[in-house]
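Asks:
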Amino acid sequence: MTDDQLEAALRQLNIDVPEPPDVQAEVRARLSEPRRSVLRPILVAAAAVLLAFGLVFAVSPDVRAAVAEFLRFAGIEFRQDAPPPMPSIPMVPGERTISLAEARQLFDVKLPPALGEPVEVRVSDRVLSLLYNGKRLDEFEGDFRPAMAKFANEQDIEHLTVDGREVLWIPRPHEVLFINRHGRYQNESARMSGKTLIWQDGAVTLRLEGDFSKEEALRLAFG
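For the sequence shown, our numbering assigns the number 1 to the initial residue and increments by one for each residue that follows.
(1) Which stretch, first to last residue, makes up the alpha helix (DSSP H) that contains Gln285?
(2) Per DSSP, what kind of secondary structure is Gly134 in: helix, strand or coil?
(3) Near Arg165, which residues of its chain fall below 8 Å by C-beta distance, leaving aside the five closest residues on each side in sequence?
(4) Would you mind giving the Cβ-Cβ distance between Lys150 and Phe212, rounded to the nearest angstrom? I have them listed as a contact below 8 Å.
(5) Put Lys214 into one of helix, strand or coil per three-state DSSP.
(6) Nearest to Gln155 by CA position, among Leu111, Pro171 and Pro90, is which residue?
(7) Taking just the CA atoms, how far does Val92 sit from Pro84?
(8) Tell me which same chain residues have a C-beta within less than 6 Å of the C-beta of Phe107, skipping the five on either side of it?
(9) Is the CB-CB distance between Leu131 and Glu120 below 7 Å?
(10) Since Val162 sits in a beta bridge, which residues does DSSP pair it with?
(11) For Trp169 versus Leu160, is the C-beta distance shorter than 7 Å?
(12) Starting from Leu197 and walking both ways along the beta strand (DSSP E), at which residues does that stretch end?
(13) From Leu206 to Leu137, what distance separates their C-alpha atoms?
(14) What's the C-alpha gap between Ile98 and His174?
(15) Per DSSP, Met148 forms a beta bridge with which residues?
(16) Could you pull out every residue in the same chain whose Cβ sits closer than 6 Å to the Cβ of Ser193, ignoring the five residues on either side in sequence?
(17) Which partner residues of Leu128 appear in the DSSP bridge assignment?
(18) Does the Cβ of Glu215 have 16 or more other Cβ atoms within 10 Å, making it buried, or fewer, making it exposed?
(19) Buried or exposed: Ala225, going by 16 or more other Cβ atoms within 10 Å of its Cβ?
(20) Can you tell me which residues form a DSSP beta bridge with Met192?
(21) With distances taken Cα to Cα, identify the nearest neighbour of Val263 among Leu100, Ala101, Ala147 and Gly94.
Written as structure tokens, this is what we have:
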């Protein structure tokens, strides 16, 4: 790449490139010496800085971890891109109904006292779902790969602190779908979710969904 080409590329990125000093007299005095570029070291240095910043954002584990932390909470991904189309009948692959006793053998079941025993218990891959009249409590181990994806804007997510633990409250309907243990989005499970409260109890993530106020959701979750 020539000096002129390099300078033009940097100017397209809105980077100020200083004009080279007037060295005509010196050049005339040294016509016998090999031609040297005064501008090129400046341009090369600027390009190196740009490249370094690009590499940091592209490959730095710290940067990637910070971005991932912003997008995830307790095993749930929060996405702001367009959600997939919802099927007419949402279906979670492999979902089946079991008894609460069976669920206790497979999961570290957390049962908030204010909710009591569920009307129905379902299990699919990594997620345990406890169904109540008009309410749903999903539980899964949230310390590893995400198990759910929610399509909600950041401004729609309210961050709370309850007894020293972080809690998220989403007061609006939003699309939700499951992610299997291999990290694949299960688009066939996509559905509209109601208002949701999300928190962790140890390594278990709990997601309480229903048509209730924030105060009622907190009462049901924490008594």
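For glycine and all other residues, C-beta sits at the position ideal for the given N, C-alpha and C.
Since the structure is predicted, the reported quantities are computational estimates derived from the model, not experimental observations.
Replies: To lay it out plainly:
(1) In the structure displayed, the chain extends from 1 to 223; residue 285 sits before or after that span and is not available.
(2) DSSP places Gly134 outside both helix and strand once states are collapsed to three, so it counts as coil.
(3) Cβ within range, chain order: Trp199 and Gln200.
(4) No, Lys150 and Phe212 are not in contact; Cβ-Cβ is about 18 Å, not under 8 Å.
(5) Lys214 sits in a helix when the DSSP states are folded into three classes.
(6) Closest by alpha carbon: Pro171.
(7) Answer to the nearest angstrom: the Cα atoms are 15 Å apart.
(8) If the five residues before and after Phe107 are omitted, its C-beta is found closer than 6 Å to the C-beta atoms of Leu128, all from its own chain and listed in chain order.
(9) Against a cut-off of 7 Å, the Cβ pair of Glu120 and Leu131 comes out as a contact.
(10) Beta-bridge pairing by DSSP links Val162 to Arg165.
(11) Taking 7 Å as the Cβ cut-off, Trp169 and Leu160 qualify as a contacting pair.
(12) Where Leu197 is concerned, the enclosing beta strand (DSSP E) starts and stops at Lys195 to Asp201.
(13) Counting only the Cα atoms, Leu137 lies some 7 Å from Leu206.
(14) Whole-angstrom Cα-Cα distance: 27 Å.
(15) Looking at the DSSP assignment, Met148 forms a beta bridge with Ile76 and Phe178.
(16) Cβ within range, chain order: His174, Val176 and Glu209.
(17) Bridge pairing for Leu128: Val123 and Glu139 [DSSP].
(18) Label assigned to Glu215: exposed.
(19) With the chain represented from 1 up to 223, any question about residue 225 goes unanswered, as that position is not in the structure.
(20) For Met192, the pairing in a beta bridge is given by DSSP as Glu175.
(21) Lying before the first or after the last residue shown, residue 263 is absent from the chain, which here runs from 1 to 223.
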